[in-house]
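Start counting at 1 in the sequence shown, then tack on 486, and there's your number in the working numbering.
Heads up, the thing below is written out as structure tokens.
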Amino acid sequence: MSLSFDSSKSLDEKTTPIIQRVSPRTITGVLSSANRGALDWGWQSFVAYGCHNHVVVIDTQNIKVFQTLEKHTSDVVKVKWADENYYHDLTHPYTLKLASLDTSGLIVIWDVKESKPISSFFETGKPATDIEWLSGRDYCHQLLVGLHPPYSIVVWNTETGNKVWKKSYTETLLSFAFDPFSENNITFLASECILFVDDFNVHKAPSSNGRKFYISNPTTSSSSTNSGSEDRNKIGNRGSIPRRMWLLAKADSRPSEEGVTLNECLNLTYHKSYRHHLLLLYPKEILILDLEINQTVGIVTSEHTGSPMMQLYSSWQRDVFYILHESGCISLRLRHRGRALMAVAAPCECSDTGVNSNDASLEVTYDLQCQSDSLRLTKHAKVTGMAVCPLSEMKIALLVSDGRVLFLEVAALHKKEESNCLPPYLSESLEPFFIEIWKLF
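Right, dumping it as structure tokens:
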């Protein structure tokens, strides 16, 4: 056997080089003021944030930019990763899906792996200000809920870009939150009240206009009434919790002047560890509302000279709060064990939330476990948002307006002896501390 050589081809002939495909990237810089809060951590360990009219995706495993998504013409204000807990197979594969919203109201659904938009849509004349994916159902993983101020909420089909339904209310809506324990409950933060809707359905718009609630002080309202308010004042005694508030339903009347204003409320969210608990975030305090007894059962306050709070994250694996302050420090608060033990000792006398509704002296308190150091920021740099890893809930991404992304991690020092066996959310607190491990520019 002999090998032949084709002399017709020159040895100096150049072959076509094979160039490996690389994900398109854009060198990002300083963020705009509209990018505040445009940060989210997905289940696939990817962090996405908005930088002007771009969406930057970071691979937290390798600590590098994975993709830069370009389609928006206005500043990005919200980014939300789609959940992956739905049925998918080879015929209907799973895609790395991300939703982004800009100041003009344009919503873009991305295939992050291919760096291509799947669909884009908007509401004419009513730009959206907040978005949230519907989760928990296999048939609605492609549905996205958009808040279109001042009065409307729209459920979008992200595959087609069409509306499933639209509902308008009479109150000016600022933000909303879904109940993690009930798929039919959604709560809106309005300019003057809190609106509860308990008939949310993915197939049709809610038939009711919801129930309006106002927060007022029981001690001031009791002075204008006689015997009927005396019993209520006993339950809402100020001696049990300082500045205790009562959650009152007002169908037609407006709240009194003594009511607690909602204009300073930054956000509301449901407690992910306990049922029927709603959290209202203010710059100096957090109100914990029990929706079963319509009463404030706890108040988490910051130090008088401390930095104001700007963002709150409620953990679902353990009853803890992550609180982001304007100075850049992150504090971790754990529910006080003493009250939890009282609930375990007498389960028949306490509700499933761990708070005895018949005894107002049982205050829900959260102890400060640890706090990271404040960031040394320049004059023009500010903290814009925080995102927590949904898998471990031990890693935190902190976004700064100068373009840096700081990654922090919570570590726990396990104690050698455990006196009793309790579930994780009632066990004795550990001693965690924050460690700054990475920086991205």
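By construction, the Cβ of each residue, glycine as well, lies at the ideal position given by its N, Cα and C atoms.
Please go through the same chain and pick out, in chain order, the residues whose beta-carbon is closer than 7 Å to the beta-carbon of residue i, but skip the five residues on each side of it.
i, result
"Trp-651", "Val-641, Lys-690 and Ala-691"
"Pro-636", "Thr-658 and Leu-659"
"Gly-725", "At Gly-725, the pLDDT of 39 sits below 50, so the modelled position is not reliable; the number obtained from the coordinates is stated separately. Around Gly-725: no qualifying Cβ."
"Thr-589", "Ala-520, Ser-560, Asp-561 and Val-563"
From which residue to which residue does the beta strand (DSSP E) around residue i run?
i, result
"Phe-532", "532 to 537"
"Ala-883", "881 to 886"
"Val-543", "540 to 545"
"Glu-771", "771 to 776"
"Gly-523", "Segment: none, Gly-523 is in no beta strand (DSSP E) and carries neither H nor E."
"Val-874", "869 to 874"
"Tyr-799", "795 to 800"
"Gly-889", "Run containing Gly-889: none; DSSP gives neither H nor E here."
"Ser-661", "659 to 664"
"Arg-697", "697 to 702"
"Ser-755", "Note that residue 755 is Thr in the sequence shown here, rather than Ser. Run containing Thr-755: 753 to 756, per the beta strand (DSSP E) assignment."
"Trp-651", "648 to 654"
"Phe-682", "680 to 683"
"Phe-686", "Phe-686 -> no beta strand (DSSP E), and no H or E assigned at all."
With 16 as the cutoff for other CB atoms within 10 Å, does residue i come out buried or exposed?
i, result
"Phe-664", "buried"
"Pro-613", "buried"
"His-558", "buried"
"Trp-567", "buried"
"Thr-673", "buried"
"Trp-802", "exposed"
"Gln-781", "buried"
"Ile-774", "buried"
"Thr-787", "exposed"
"Gly-523", "buried"
"Phe-667", "exposed"
"His-866", "exposed"
"Arg-821", "buried"
"Leu-877", "exposed"
I need the straight-line Cα distance from residue i to residue j, nearest angstrom please.
i, j, result
"Ser-531", "Ser-702", "42 Å"
"Thr-864", "Phe-682", "42 Å"
"Asp-526", "Leu-798", "13 Å"
"His-540", "Thr-554", "7 Å"
"Leu-576", "His-538", "36 Å"
"Ile-772", "Ser-601", "39 Å"
"Cys-751", "Leu-884", "22 Å"
"Ile-544", "His-578", "26 Å"
"Asn-719", "Ile-593", "Its pLDDT being 42, under 50, Asn-719 is placed unreliably in this model, and the coordinates cannot settle the point."
"Thr-502", "Phe-552", "28 Å"
"Val-562", "Glu-556", "11 Å"
"Asp-776", "Asp-684", "16 Å"
"Gly-622", "Asn-571", "7 Å"
"Trp-619", "Leu-630", "5 Å"
"Val-533", "Thr-546", "7 Å"
"Ala-873", "Val-896", "14 Å"
"Gly-515", "Ser-694", "47 Å"
"Phe-608", "Gly-591", "6 Å"
Please return the same chain residues whose Cβ sits closer than 6 Å to the Cβ of residue i, not counting the five positions on each side in sequence.
i, result
"Leu-675", "Leu-660, Ser-661 and Leu-754"
"Cys-875", "Trp-527 and Lys-881"
"Ser-905", "Residue placement at Ser-905 cannot be trusted, given a pLDDT of 48 that sits under 50; what the coordinates show is reported in the next sentence. Around Ser-905: no qualifying Cβ."
"Gly-871", "Gly-523, Leu-525 and Leu-885"
Using a Cβ-Cβ cut-off of 8 Å (strictly less than) and excluding sequence neighbours within five positions of residue i, which residues of its own chain qualify?
i, result
"Thr-646", "Ser-605"
"His-677", "The amino acid at residue 677 is misidentified as His; the sequence shows Ser. These residues qualify, in order along the chain: Glu-657, Thr-658, Leu-660, Leu-748 and Asn-749."
"Asn-671", "Phe-664, Asp-665, Phe-682, Val-683, Asp-684 and Phe-686"
"Lys-929", "Given a span of 487 to 927 for the chain in the structure shown, any question on residue 929 remains unanswerable."
Tell me whether residue i counts as near the ligand MG, meaning its Cβ is closer than 7 Å to at least one heavy atom of that ligand.
i, result
"Thr-589", "Judged by which ligands are present, the structure shown has none, so any question about the ligand MG falls away."
Exercise. Hey, which unbroken runs of the beta strand (DSSP E) at 3 residues or more fall wholly within the stretch 537 to 616?
Worked result: Uninterrupted beta strand (DSSP E) stretches at least 3 residues long and entirely within the stretch 537 to 616 occur at 540 to 545, 550 to 556, 562 to 567, 583 to 588, 593 to 597 and 602 to 607, given in chain order.
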